[in-house]
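What follows is a single structure, written as structure tokens, with notes after it.
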Amino acid sequence: MSGKLVTTGVLIAGLVAGAASGWYTLQRGMVQGEVYSGWSGSKVTGSVDADPWTRARVAVSGLLALNKSQAIYFSRNTDDSGARLREDCRYRVTGGVLTARWWSITVYAADNYLPLNDDDALSFDQTEAQPDGKSEWTGILSPIRPDGQPWASTSKAGNYDITLRLYQPTPQAQADYAAIPMPKVTKLDCGGAA
Amino acid sequence: MNRKLKLLALFVGAAIVGHVGLVMAVPHAIMNVAMNRISGDGARINQFSFGPRTTKDSRGVVRPSPDLAYASCVYDLSKGPLLVSAAPSPNQGYVSLSVFAANTDNIAALDTTQYPQGIRFVLARKGQPVPAGVQVVESPSDKGIILDRRLAPTAELFAEIDQARRADSCAPLAQS
Numbered sequence: 001m002s003g004k005l006v007t008t009g010v011l012i013a014g015l016v017a018g019a020a021s022g023w024y025t026l027q028r029g030m031v032q033g034e035v036y037s038g039w040s041g042s043k044v045t046g047s048v049d050a051d052p053w054t055r056a057r058v059a060v061s062g063l064l065a066l067n068k069s070q071a072i073y074f075s076r077n078t079d080d081s082g083a084r085l086r087e088d089c090r091y092r093v094t095g096g097v098l099t100a101r102w103w104s105i106t107v108y109a110a111d112n113y114l115p116l117n118d119d120d121a122l123s124f125d126q127t128e129a130q131p132d133g134k135s136e137w138t139g140i141l142s143p144i145r146p147d148g149q150p151w152a153s154t155s156k157a158g159n160y161d162i163t164l165r166l167y168q169p170t171p172q173a174q175a176d177y178a179a180i181p182m183p184k185v186t187k188l189d190c191g192g193a194a
Numbered sequence: 001m002n003r004k005l006k007l008l009a010l011f012v013g014a015a016i017v018g019h020v021g022l023v024m025a026v027p028h029a030i031m032n033v034a035m036n037r038i039s040g041d042g043a044r045i046n047q048f049s050f051g052p053r054t055t056k057d058s059r060g061v062v063r064p065s066p067d068l069a070y071a072s073c074v075y076d077l078s079k080g081p082l083l084v085s086a087a088p089s090p091n092q093g094y095v096s097l098s099v100f101a102a103n104t105d106n107i108a109a110l111d112t113t114q115y116p117q118g119i120r121f122v123l124a125r126k127g128q129p130v131p132a133g134v135q136v137v138e139s140p141s142d143k144g145i146i147l148d149r150r151l152a153p154t155a156e157l158f159a160e161i162d163q164a165r166r167a168d169s170c171a172p173l174a175q176s
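Chains as they are written, first to last, in our numbering: chain A, 1 to 194; chain B, 1 to 176.
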């Protein structure tokens, strides 16, 4: 093999390997960045200050995301024990007063789109999850509709994650994500077991 | 340096170029795909398109929120600035207009908490002439996307706000 051919081959192999490693780093989706009580979020999502990797990751898995002055996004694919969220399990999501004008929690399948089910329950939000006497709200993630509780269906969601949107967060929330009282995600049961 | 070391250095250098080049190119490439989808391959530039209620079948842009109603305008400032406006929702619910440059950066976000009577601004490139006394948003690129988001978690609310958002405008300043 001629020297020129070898050099060209090494050059092409390097470019392909580099591009492949770049694509791999972008496939980790929205569940990366700083972690706050199990929820991942980035302060530079949507921002002109975002580094090239954050910008590319958001383009792949969160295109047209707002900057933190308007909305903060957190995602997770595990429950509070650290176990992977499963389509066939039931989870209780509980939280207190969130420091924003409005919030929602939405289920996303691994392809970054909504799960292909016909439950018409792809999320629950602040207008549905009313606080109880202790100012605490509860929602359910499960493949089957619960009785009388805010619900996001995980039917046909596969390896899903959930995204918490905080719209018009308070200045304090924007400045310090660690001060946001993040909702808890607790596994109740799996496979229909009560 | 012997030949093997030179080839190793070439491989590492090419890998860095490939990695960084892909990471830098991806936002522009994905934004171009989104702009083509939203504008119907360029048929609807500098005008709002009003999306239906978000469902499992909403596949235009990743991670849509089923609680929001979206309207979008693919802008092109190559022939001059645009006047952009959005009326408030009848229930005073959340409304925002956000501007995204060609590299996906969210360069501006205005909402009806700041502007309860409605949002109105001129979108222009730096150096383009703009009228006095109007809020101006400068875009670093000729092309990009303006997104109208409105809180509409139920079908009833969606029907209400759908009427209001039809007054949205995204048109060349000269025609406005």
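C-beta atoms are modelled at their ideal positions from N, C-alpha and C, and glycine is treated no differently.
All values derive from a computational prediction rather than experimental measurement.
- Between Cys170 of chain B and Leu82 of chain B, the C-beta spacing is below 8 angstroms.
- Contact annotation for Gly13 of chain B against chain A: Gly14 [CB-CB distance below 8 angstroms, chain order].
- The beta carbon of Ser96 of chain B falls within 8 angstroms of a beta carbon belonging to chain A, placing the residue at that interface.
- Against Trp137 of chain A, chain B offers no close residue; the least beta-carbon distance is about 15 angstroms (beta-carbon pairs closer than 9 angstroms).
- No Cβ of chain A is located within less than 8 angstroms of the beta carbon of Ile119 of chain B.
- Among the residues of the segment 119-151 of chain B, those with a Cβ less than 9 angstroms away from any Cβ of chain A are Pro140, Ile145, Leu147, Arg149, Leu151, in the order of the chain.
- Taking a C-beta cut-off of 9 angstroms against chain B, the contacting residues of the segment 160-179 of chain A are Thr163, Arg165, Tyr167, Gln168, listed in chain order.
- Interface residue (Cβ-Cβ distance to chain B less than 8 angstroms): Trp102 of chain A is classified as such.
- With 16 or more other Cβ atoms inside 10 Å of its own Cβ, Ile161 of chain B counts as buried.
- Residue state for Gly144 of chain B is assigned as strand, using DSSP reduced to three classes.
- Pairing Tyr177 of chain A with Gly38 of chain A gives a Cβ-Cβ distance that is not under 8 angstroms.
- The C-alpha of Thr154 of chain A is placed about 12 angstroms away from the C-alpha of Cys190 of chain A.
- Put simply, the CB of Trp23 of chain A is near chain B, with a gap under 8 angstroms to one of its CB atoms.
- Beta-bridge partners assigned by DSSP to Gly41 of chain A: A:Glu34.
- Rounded to whole angstroms, the Cβ separation of Ser75 of chain A and Ile162 of chain A is 7 angstroms, and the two are in contact under 8 angstroms.
- The segment 134-170 of chain A contains, as complete beta strand (DSSP E) runs of 3+ residues, the segments 137-142, 151-153, 161-169 (chain order).
- Under the criterion of beta carbons closer than 8 angstroms, Val60 of chain A and Ile107 of chain B do not qualify as touching, at roughly 20 angstroms.
- Leu110 of chain B has its alpha-carbon roughly 18 angstroms from the corresponding atom of Gln47 of chain B.
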